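Number of protein chains: 2
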Amino acid sequence: MYICIVKLEQAIQSTKFKNEMHKASLNILYTAWWLKTQMSKVLKEFGLTHEQYNVLRILKGKYPEQLCVKDISCRMIEKSSNVPRIIDRLVIKKLVKRADSPTDKRETVTTLTQAGLAVLAASTESVNQLMDEMVKMENKEAEQLNVLLERLRGTEV
Amino acid sequence: MYICIVKLEQAIQSTKFKNEMHKASLNILYTAWWLKTQMSKVLKEFGLTHEQYNVLRILKGKYPEQLCVKDISCRMIEKSSNVPRIIDRLVIKKLVKRADSPTDKRETVTTLTQAGLAVLAASTESVNQLMDEMVKMENKEAEQLNVLLERLRGTEV
DNA sequence: TTTATTTAAGTGTATATACATCTATTTTTC
DNA sequence: GAAAAATAGATGTATATACACTTAAATAAA
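Chains as they are written, first to last, in this note's numbering: chain A, 1 to 157; chain B, 158 to 314.
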């Protein structure tokens, strides 16, 4: 058991921020890293990486439908993830199976195996349990956080 | 010019969230990816990666002091970054110089070169400009966001 | 219908992440 | 002061990221 570093200032040993928005952007990057690290520790027990888990969840969302690489890519949180190679590794572990698309010969379609469903169910339970233990936040606060994050991103470039 | 995807639901093509906290965690991961992607586009013009830029900023924070690898590591946003190899690449580009520590023969100390200072100044200006254009957020809102992010992380494990 | 364009996915490379291991020091302990 | 433990950093490997490029197939344009 260890005490988590709470304050950003402690976490990155810095107190000099240009303004609150600058601090917020570092805070988001740090919090994302923290979330991923915590989750990865749990997923490792199931032999999964964070991104492999993400692909399995996406496949589950449409199960038993078969999804092509593009359909998976556009649902990924990190868009630039290299989905074909993540699928390669899931195929080796027999958690998904891949086939040629019947309608478009360019596409390959992927779906969960029974093993994939089982591993996903078990790992999801562990991840949810971790989140419940780790994050003590009121529903109202989480709602507010969602609003602020979308306001932050909500603009044209 | 393109319209950014604002809503998380659109960005990851999903509307099924366990609860607001689950949505918030995905929202943080997505927003962090979005911020890093936007910043990396700017940094690429200076031949820098996001992590190389982070190391340069940390060195600037203590300049002209020389920092050992450990001092840099503990200030990184992503703690597991492999600082020795990031420094390797910055040395090749002649943006930093590395020397043996006079006080501890195990340590190597790193400091910015004049070129490093110049590249950092120019790239920081571009990054700040991007952030100003991209993120339209009131100071009060950013403050609130910081409070919520730290509440999210503020717990024991 | 033939060519041109677009699209889907796979491949290659440099960098980064995550983690384990190794070596050379320094510090601690006896 | 010598042996044990801890620390700093380098190194190796598998996976992921970011981006450019290739190939095959589908679609659009001529």
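Using N, Cα and C, we set each Cβ at its ideal position, and we do this for glycine too.
Quick caveat, the model's predicted, so the values are computed rather than measured.
Would you mind reading off the limits of the beta strand (DSSP E) that contains residue i?
i: V253 of chain B; result: 253-257
i: L269 of chain B; result: 265-269
Along the alpha helix (DSSP H) that carries residue i, what are the first and last residues, could you check?
i: R89 of chain A; result: 83-92
i: G61 of chain A; result: 50-62
i: E300 of chain B; result: 296-310
i: N27 of chain A; result: 20-44
i: Q10 of chain A; result: 8-11
List the residues of chain B that residue i touches, going by C-beta distances under 8 angstroms, in chain order.
i: K23 of chain A; result: A299, N303
i: N27 of chain A; result: L302, N303, L306, E307
i: L35 of chain A; result: S182, I185, L186
Please list the partners that residue i has in chain A, where partner means a Cβ-to-Cβ separation under 9 angstroms.
i: G204 of chain B; result: Residues of chain A passing the Cβ test: none, with the nearest at roughly 19 angstroms.
Taking the DSSP output, what are the residues bridged to residue i?
i: C68 of chain A; result: A:V109
Give a single yes or no on whether residue i has its beta carbon closer than 7 angstroms to a heavy atom of the ligand SAM.
i: L183 of chain B; result: The ligand SAM is not part of the structure shown, which contains no ligands of any sort.
Can you list the residues of chain B that residue i reaches, using a CB-CB cut of under 7 angstroms?
i: A118 of chain A; result: Near A118 of chain A there are no residues of chain B at all, since even the closest Cβ is about 20 angstroms away, more than 7 angstroms.
i: S14 of chain A; result: G218, R232
i: E78 of chain A; result: W190
i: V91 of chain A; result: What V91 of chain A touches in chain B: nothing, since even the nearest Cβ is about 23 angstroms away.
Residues of chain A with a CB under 8 angstroms from the CB of residue i: which are they?
i: V199 of chain B; result: Under the 8 angstroms cutoff, chain A gives no residues; its nearest Cβ is about 11 angstroms from V199 of chain B.
i: A189 of chain B; result: I28, L29, T31, A32, W33
i: N296 of chain B; result: N19, E20, M21
i: V253 of chain B; result: Correct list: empty, because the minimum Cβ distance to chain A is about 19 angstroms.
Report the neighbours of residue i on chain B: residues whose CB is nearer than 9 angstroms to its CB, in chain order.
i: V109 of chain A; result: Those within 9 angstroms of V109 of chain A in chain B number zero; the least Cβ separation is about 17 angstroms.
i: V83 of chain A; result: What V83 of chain A touches in chain B: nothing, since even the nearest Cβ is about 14 angstroms away.
I want to verify the contact list: residues of chain A whose CB lies under 7 angstroms from the CB of residue i, in sequence order.
i: V163 of chain B; result: E150, R153, G154
*Please determine if the stretch 13-29 of chain A and the stretch 94-107 of chain A are in contact, where contact requires at least 3 C-beta pairs separated by less than 8 angstroms.*
Short answer: they don't touch.
*Taking Cβ-Cβ distances below 7 angstroms as the criterion, which residues of the stretch 206-230 of chain B are in contact with chain A?*
If the cut-off is 7 angstroms between Cβ atoms, the stretch 206-230 of chain B has G218 near chain A.
*asked:* Measuring CB atoms only, is the stretch 70-89 of chain A touching the stretch 138-146 of chain A, in the sense that at least three cross pairs come out at less than 8 angstroms?
replied: With the cut-off at 8 angstroms, the stretch 70-89 of chain A and the stretch 138-146 of chain A do not touch.
*asked:* When you compare the stretch 117-125 of chain A with the stretch 76-90 of chain A, are there three or more beta-carbon pairs, one atom per stretch, that lie closer than 8 angstroms?
replied: In short, these stretches do not touch, since the Cβ pair count stays below three.
*Is there contact here, the stretch 49-58 of chain A with the stretch 82-100 of chain A, by at least three beta-carbon pairs under 8 angstroms?*
Judged by Cβ distances under 8 angstroms, the stretch 49-58 of chain A makes contact with the stretch 82-100 of chain A, as three or more pairs qualify.
_Stretch-stretch touch, CB-based, cutoff 8 angstroms, three pairs: the stretch 29-45 of chain A with the stretch 120-131 of chain A_ = Put simply, the stretch 29-45 of chain A touches the stretch 120-131 of chain A. At least three CB pairs are less than 8 angstroms apart.
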